[in-house]
Structures are given as structure tokens and as C-alpha cells.
Amino acid sequence: MDNLQDYFDRSGDTELMSGNAEVHKEHGFCIWQLHEGNVHLIQVYGNGKYWDSWAEKKAKELGVNKIVFATKRNPEGFCRKYNYKVIGHILERSV
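Listed below in C-alpha cells is the structure:
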């Protein structure tokens, strides 16, 4: 995939997760899964508007009505720009 190292540098991820891969030369890539009746976006890189539209079409195609994802970035921009809402928090601690 083009720009894979750029994705790793920006996201802090070190590998692609397992799931369905959708790749578009001009718009980037999306790793996703159908989970508990929702489209889960696992890793997304590239044109946000394109992938948001793509995810909505994919959800309709699969007959589901929710798209779910997590981010390490401030979620407020996603809420404003793409009409998402925060539904929980992810917590971690070292042991």
C-alpha cells in the first residue's frame, strides 16, 4: 500500500490489523469489520470525506445502521465534520 509508512508515523500503529481491506489509490485505505451488526472502521488513512461516504454506503449495502470507530485524536472534529457522537471511552493502565 502506498503511504503505509506515513500512516504508521501519524497513527503510532506498527502494523495493519486483521479485517477487510478496502484500498483506493487516490484516497488511501480502510481496514474494517462487520461486528455486532455495525461497520467497525479499524484503521483509516487518507481522504476522510471519501472514507466517511464509503462507510455510509457500505453500511447501507450490508443492511446495518451504525458505523463505529475509535481514535487517538480529539474526537470533537469527527463529531462536527462527520456527525459522529462520542459513546464511550477507552482506558488503559500498565501492570
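Numbering (the working numbering), first residue to last: 1408 to 1502. Where a beta carbon is used, it is the ideal one built from N, C-alpha and C, also for glycine.
Classify residue i as buried or exposed, calling it buried when 16 or more other Cβ atoms lie within 10 Å of its own Cβ.
{"i": "V1451", "result": "buried"}
{"i": "V1446", "result": "buried"}
{"i": "L1448", "result": "buried"}
{"i": "G1453", "result": "buried"}
{"i": "K1479", "result": "exposed"}
{"i": "C1486", "result": "exposed"}
{"i": "K1432", "result": "exposed"}
{"i": "K1465", "result": "buried"}
When you compare only the Cα positions, how much space is there between residue i and residue j?
{"i": "H1434", "j": "S1460", "result": "12 Å"}
{"i": "G1426", "j": "V1502", "result": "29 Å"}
{"i": "E1443", "j": "Y1457", "result": "24 Å"}
{"i": "E1483", "j": "K1467", "result": "25 Å"}
{"i": "N1490", "j": "R1500", "result": "30 Å"}
{"i": "Q1440", "j": "G1470", "result": "14 Å"}
{"i": "A1462", "j": "K1488", "result": "15 Å"}
{"i": "Q1412", "j": "F1476", "result": "21 Å"}
{"i": "F1436", "j": "V1430", "result": "4 Å"}
List the endpoints of the continuous beta strand (DSSP E) containing residue i.
{"i": "A1428", "result": "N1427 to H1431"}
{"i": "L1441", "result": "G1435 to H1442"}
{"i": "V1502", "result": "Per DSSP, V1502 belongs to no beta strand (DSSP E) and is neither H nor E."}
{"i": "I1474", "result": "I1474 to F1476"}
{"i": "H1447", "result": "N1445 to G1453"}
Let's see if you can read the secondary structure: which residues bound the alpha helix (DSSP H) around residue i?
{"i": "L1411", "result": "L1411 to S1418"}
So what does DSSP say about residue i, is it helix, strand or coil?
{"i": "L1553", "result": "Nothing can be reported for residue 1553, as the shown portion of the chain is limited to 1408 through 1502."}
{"i": "Y1491", "result": "coil"}
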